[in-house]
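Accompanying notes for the structure given below.
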Amino acid sequence: MAERVSALQGADAPRRFGADGPPGVTLREVRGLRLWQVAAWHDTLAEVAQQAARAAGVAAAPPPGAAVESERGALLRIEPLKWWLLGVDAPEIAGEHGAVLDLSHSRTHIRISGTQAAALLNRHLPLDLRETSFAEGMVASGALHHVGVALWRSARGYELFIPRGFALSLWEVLLESAAQFGAEVAAADSHKI
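First residue of the sequence shown: -3, per my numbering; consecutive thereafter.
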């Protein structure tokens, strides 16, 4: 298999910048993304949900706008009839029951954490990221500078999935905005759940 080259190669060198004091925002690329889109047809939703949950190692598939994870993988319900399966292999889905699409090479995964992570993201995403509205385990689709992105709030921070072709320009936008909070670019991490 060909080795994947990061869309942020050379732009994600670890560093601190912006306001003095401890960083309010930490940004890091999570490399080695394994991401599958699993879609069901309306009349096969329950069956495909069970298959996707088994693949992720979770008891049940989440409702729309939510995610569940195990030590093996995560399952994000990004649309009423679609899930994203993260970190594991996709199940075999018969064509009459649904479809599976490998999105691994099409997205860049950026993790944003720190005390000011929500404030940074709210500069760009039209989402209510307050704890009462977007708690851990929630998933949403939005637009960052007119580019469709997916956002998942995990235990590790905000997991942002950006189309690869826009990753570098949106990374630069995020870095520029993060400077006001004091920011750190952390070393890239290997993709693990």
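Just so you know, even glycine gets a beta-carbon here, dropped at the ideal spot from N, CA and C.
Tell me, please, which residues DSSP counts as bridged to Trp80. Looking at the DSSP assignment, Trp80 forms a beta bridge with Gln33, Leu72.
Roughly how many whole angstroms lie between the Cα atoms of Pro87 and Gly61? If I take the Cα positions, the gap works out to 21 Å.
To the nearest angstrom, how far is the alpha carbon of Ile158 from that of Pro76? Cα to Cα, the separation comes out at about 20 Å.
Would you kindly check if the distance between the Cβ of Leu29 and the Cβ of Ala182 is under 9 Å? Against a cut-off of 9 Å, the Cβ pair of Leu29 and Ala182 comes out as no contact.
Give me whichever residues DSSP pairs with Gly153 in a beta bridge. In the DSSP secondary-structure assignment, Gly153 is bridged to Ser150.
Count the C-beta pairs between the stretch 0 to 16 and the stretch 128 to 145 that are closer than 8 Å, then say yes if the count reaches three, no if not. Counting C-beta pairs with one atom in each stretch, the stretch 0 to 16 and the stretch 128 to 145 have fewer than three that are closer than 8 Å, which means they do not touch.
For Ile108, tell me which candidate among Phe13, Gly17, Glu127, Leu170 has the shortest Cα-Cα distance. The shortest Cα separation from Ile108 among Phe13, Gly17, Glu127, Leu170 belongs to Leu170.
Where does His38 sit, in a helix, a strand or coil, going by DSSP? Look at His38 here: in three-state DSSP terms it is helix.
I need the DSSP call for Ala179, collapsed to helix, strand or coil. Reduced to three states, the DSSP call for Ala179 is strand.
Short check: CB of Leu97 to CB of Tyr154, under 9 Å? Annotated as distal: Leu97 and Tyr154, with beta-carbon spacing of 9 Å or more.
Please state the DSSP three-state secondary structure of Gly161. Per DSSP, reduced to three states, the secondary structure at Gly161 is helical.
For Glu168, does the three-state DSSP call read helix, strand or coil? Helix, per DSSP.
Buried or exposed for Gln46, going by 16 or more other Cβ atoms inside 10 Å? Gln46 is classed as exposed because its beta carbon has fewer than 16 other beta carbons within 10 Å across all chains shown.
Short check: CB of Leu82 to CB of Ala90, under 9 Å? No, Cβ-Cβ distance for Leu82 and Ala90 is not below 9 Å.
Please report how far the alpha carbon of Ser66 lies from the alpha carbon of Arg73, in whole angstroms. Rounded to whole angstroms, the separation of the alpha carbons of Arg73 and Ser66 is 15 Å.
Measure from the alpha carbon of Ala52 to the alpha carbon of each residue in Ala114, Ala151, Val84, Ser100, then state which is nearest. Taking the Cα of Ala52 as reference, the smallest distance to any Cα among Ala114, Ala151, Val84, Ser100 is reached at Val84.
Just to confirm my understanding: we take Ala163, look at its own chain, exclude 5 residues before and 5 after, and list those with CB closer than 7 Å. What are they? Spatial neighbours of Ala163 in its own chain (CB-CB distance under 7 Å, excluding positions within 5 residues in sequence) are listed in chain order as Ala3, Leu4, Thr104.
Taking the beta strand (DSSP E) that Leu23 belongs to, which residues open and close that run? Counting along the chain, the beta strand (DSSP E) containing Leu23 begins and ends at 21 to 27.
Spell out the partners DSSP gives Pro97 in its beta bridges. The sequence shown places Leu at residue 97, not Pro. According to DSSP, which records beta bridges pairwise, Leu97 is partnered with Gln33.
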